[in-house]
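Asker: Got a structure here, written out as structure tokens. Questions coming.
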Amino acid sequence: MAKQMECLIEEGDHREWLTKGRTKQKKMRLQTALLWGAFFSYNLRSANAGLFTAVFESLKDFFGRAATPVEQCREPWIKTELPNLRADLEAKVYGQHLVIDSVVKTVRVHLRRSPQKALALSFQGWTGTGKNLVASIIAQNLYDRGMRSEYVHVLTAYKHFKQHEEEWVVYYKDQIQQWVEGNVSSCPRQLFIFDEVEDMPDGLLDALKPFLDHYESVQGTDYRSSIFLFLGNLGGKVLYKAAHNHHQSGGKRNDLEVKDMEKMLRTKAYNSKGGLKVSRLINSNLISHYIPFLPLEKRHVQQCANDELMKRDVEFKKRDGLIEKVISQLTFTPEDVELYSTSGCKRVSEMFDLIMEEGYYEPREKGNYDKSEL
Ligand SMILES: Nc1ncnc2c1ncn2[C@@H]1O[C@H](COP(=O)(O)OP(=O)(O)OP(=O)(O)O)[C@@H](O)[C@H]1O
Ligand SMILES: [Mg+2]
Numbered sequence: 499m500a501k502q503m504e505c506l507i508e509e510g511d512h513r514e515w516l517t518k519g520r521t522k523q524k525k526m527r528l529q530t531a532l533l534w535g536a537f538f539s540y541n542l543r544s545a546n547a548g549l550f551t552a553v554f555e556s557l558k559d560f561f562g563r564a565a566t567p568v569e570q571c572r573e574p575w576i577k578t579e580l581p582n583l584r585a586d587l588e589a590k591v592y593g594q595h596l597v598i599d600s601v602v603k604t605v606r607v608h609l610r611r612s613p614q615k616a617l618a619l620s621f622q623g624w625t626g627t628g629k630n631l632v633a634s635i636i637a638q639n640l641y642d643r644g645m646r647s648e649y650v651h652v653l654t655a656y657k658h659f660k661q662h663e664e665e666w667v668v669y670y671k672d673q674i675q676q677w678v679e680g681n682v683s684s685c686p687r688q689l690f691i692f693d694e695v696e697d698m699p700d701g702l703l704d705a706l707k708p709f710l711d712h713y714e715s716v717q718g719t720d721y722r723s724s725i726f727l728f729l730g731n732l733g734g735k736v737l738y739k740a741a742h743n744h745h746q747s748g749g750k751r752n753d754l755e756v757k758d759m760e761k762m763l764r765t766k767a768y769n770s771k772g773g774l775k776v777s778r779l780i781n782s783n784l785i786s787h788y789i790p791f792l793p794l795e796k797r798h799v800q801q802c803a804n805d806e807l808m809k810r811d812v813e814f815k816k817r818d819g820l821i822e823k824v825i826s827q828l829t830f831t832p833e834d835v836e837l838y839s840t841s842g843c844k845r846v847s848e849m850f851d852l853i854m855e856e857g858y859y860e861p862r863e864k865g866n867y868d869k870s871e872l
């Protein structure tokens, strides 16, 4: 498995991968040592109960904290029910009612029924609207170790698929297939996140076709329990137009429906450059759903800024107007009404850092404030 992946990644990432491998080896050595320690202590027990307790406690203390059980392809490492998914999304993701409804429904149905095919969701929308955030919330609900799980994989255009020449694309396609196959054959419930889809070589993701189709198995492996997420900015503009037209005609944002958007997103993904261009995944209807991430309004960005303030857990001598100051550094469109943030919530944290650096807002001692005041 590591071998297959090495080919996909550049030298720097390669080292990172090897380090991960070594860390895993160290963990296993610690676990073995823990077992020997326990065995040794058990024998001592019959000889001297007091000594046993002392030795066992010190061994437990030494190894217990360091040793973590190896993640396995079953409960409790992998969840079969996701009771908190909706609540988590509603608490953490602002302004994306279409996303929340679609994700909760599609992921739950996929887990509950015996799926006919792997779940493939295309997350589309402007920058900073929450695509990676939602992907990570799905991972946290599906796997005990969330994004750190061995069953969660993120592949990005700039890191893994830099070259666009034809011979590279042929090579990448072959590598993707071997890599998906290697992972799914070791555990069927995998989460694959393909990020920056529009910057991948044209049609690259066609390599996934055999795994997303309605086959019971492909060369002995069943891919139907896996989930594939495709993230990208495609369709951001059409979503902006749809949301804004709706707003101008007096409609409420929450009345927008997915069915009004899906077709536009599908067309956009098919016709734009990138991993889904003229894609067989699209024209064979293998993408299960197109999930629209609407542009975030100023009020949503204010919510993000408020969260950022809470996260920093400090009181500011002069915090009045801090959120407004952050918001004033961001760009909103259209110019006359300044309704939608062109960078969503993405630059909020950065803006806080800059403003703090100016020294106007001095942090006081941690914990010495009442959060309800914020
Ligand atoms: N709808 C949202 N609600 C709450 N926080 C959000 C939302 N959208 C984005 N954020 C916050 O903004 C930052 C960037 O979000 P994220 O990485 O999910 O954006 P993205 O849609 O993947 O953007 P890009 O297209 O540039 O990759 C994160 O800190 C995230 O928590
Ligand atoms: Mg992203």
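Here the working numbering = 1-based position in the sequence shown + 498.
Note that CB positions come from ideal geometry on N, CA and C, so glycine has one too.
Look up His742 in the DSSP assignment and say whether it is helix, strand or coil.
Answerer: Counting from 1 along the sequence shown, the entry for residue 742 is found at position 244. His742 falls in the helix class under three-state DSSP.
Asker: Cutting at 7 Å between CB atoms, please list the residues of its own chain near Lys615, excluding the five before and the five after it.
Answerer: Walking along the sequence shown from the start, residue 615 turns up at place 117. Result list for Lys615: Leu710, Asp711, His712, Arg722, in chain order.
Asker: Met604: which of Ser724, Ser770, Arg810 sits nearest, CA to CA?
Answerer: Here residue 604 corresponds to residue number 106 of the sequence shown, with the count starting at 1. The sequence given here places Thr at residue 604; Met does not occur at that position. Per the Cα distances, Ser724.
Asker: Just reading off the beta strand (DSSP E) that Tyr788 is part of, what are its end residues?
Answerer: Here residue 788 corresponds to residue number 290 of the sequence shown, with the count starting at 1. Tyr788 -> beta strand (DSSP E) spans 787-791.
Asker: Look at Leu792 and Gln594 and say whether their C-beta atoms are less than 8 Å apart.
Answerer: Sequence index remark: in the sequence shown, residue 792 carries index 294 (1-based). Sequence index remark: in the sequence shown, residue 594 carries index 96 (1-based). It is a contact, given that the beta carbons lie within the stated cut-off.
Asker: Does the count of Cβ pairs from the stretch 625-635 and the stretch 723-742 closer than 8 Å reach three?
Answerer: Contact holds: three or more Cβ-Cβ distances are below 8 Å.
Asker: Do Leu732 and Ser786 have their beta-carbon atoms positioned less than 8 Å apart in this structure?
Answerer: Along the sequence shown, one-based indexing puts residue 786 at 288. Along the sequence shown, one-based indexing puts residue 732 at 234. For Ser786 and Leu732, no; Cβs fall outside 8 Å.
Asker: Between which two residues does the beta strand (DSSP E) containing Val652 stretch?
Answerer: The sequence position of residue 652 within the sequence shown is 154, counting from 1. Taken as a continuous stretch (DSSP letters only), the beta strand (DSSP E) holding Val652 covers 650-654.
Asker: Which word fits Val799, buried or exposed, when buried means at least 16 other C-beta atoms lie within 10 angstroms of its C-beta?
Answerer: The residue labelled residue 799 in the question sits at position 301 within the sequence shown. Buried.
Asker: Hey, quick one: how far does the beta strand (DSSP E) through Ala616 stretch, first residue to last?
Answerer: As a first step, residue 616 is located in the sequence shown; it is residue number 118 there, counting from the start. Careful: Ala616 lies outside any beta strand (DSSP E) and carries neither H nor E.
Asker: Quick check on Glu795: does DSSP put it in helix, strand or coil?
Answerer: Residue numbering aside, residue 795 sits at position 297 when the sequence shown is read from its first letter. In this structure, Glu795 counts as strand in the three-state DSSP scheme.
Asker: Can you tell which of Glu755, Leu774, Lys657 has its C-alpha closest to the C-alpha of Leu706?
Answerer: As a first step, residue 706 must be located in the sequence shown, where it is residue number 208. The candidate whose alpha carbon is nearest that of Leu706 is Leu774.
Asker: Got a sec? Which residues, its chain only, sit under 6 Å from Arg778 by beta carbon, not counting five neighbours each side?
Answerer: What you label residue 778 is simply residue 280 of the sequence shown in a count that begins at 1. Correct list, in chain order: Asp704, Lys707.
Asker: Can you tell me whether DSSP reads Leu689 as helix, strand or coil?
Answerer: Start at 1 with the first residue of the sequence shown, and residue 689 comes out as number 191. Of the three classes helix, strand and coil, the one that applies to Leu689 here is strand, per DSSP.
Asker: Looking only at its chain, what residues have a beta carbon closer than 8 Å to the beta carbon of Thr829, apart from the 5 residues adjacent to it on each side?
Answerer: For this step, residue 829 is matched to residue 331 along the sequence shown. Once the five neighbours on either side are set aside, the close Cβ partners of Thr829 are Ser839, Thr840, Ser841.
Asker: Could you please go through the chain and list the residues whose beta-carbon is closer than 5 Å to any non-hydrogen atom of ligand 2?
Answerer: Residues flagged by the Cβ proximity filter: Lys629, Asn630.
Asker: Report yes if the CB atom of Leu587 is closer than 8 Å to the CB atom of Arg606, and no otherwise.
Answerer: Position 89 of the sequence shown, counted from the first residue, corresponds to residue 587. Position 108 of the sequence shown, counted from the first residue, corresponds to residue 606. Contact flag unset, no.
Asker: Just how far apart, CA to CA, sit Phe692 and Ile825?
Answerer: Numbered from its first residue, the sequence shown carries residue 692 at position 194. Numbered from its first residue, the sequence shown carries residue 825 at position 327. Their Cα atoms are separated by approximately 31 Å.
Asker: Is Gln594 near ligand 1 - that is, is its Cβ less than 7 Å away from at least one heavy atom of it?
Answerer: Numbered from 1 along the sequence shown, position 96 holds the residue referred to as residue 594. Yes, the Cβ of Gln594 comes within 7 Å of a heavy atom of ligand 1.
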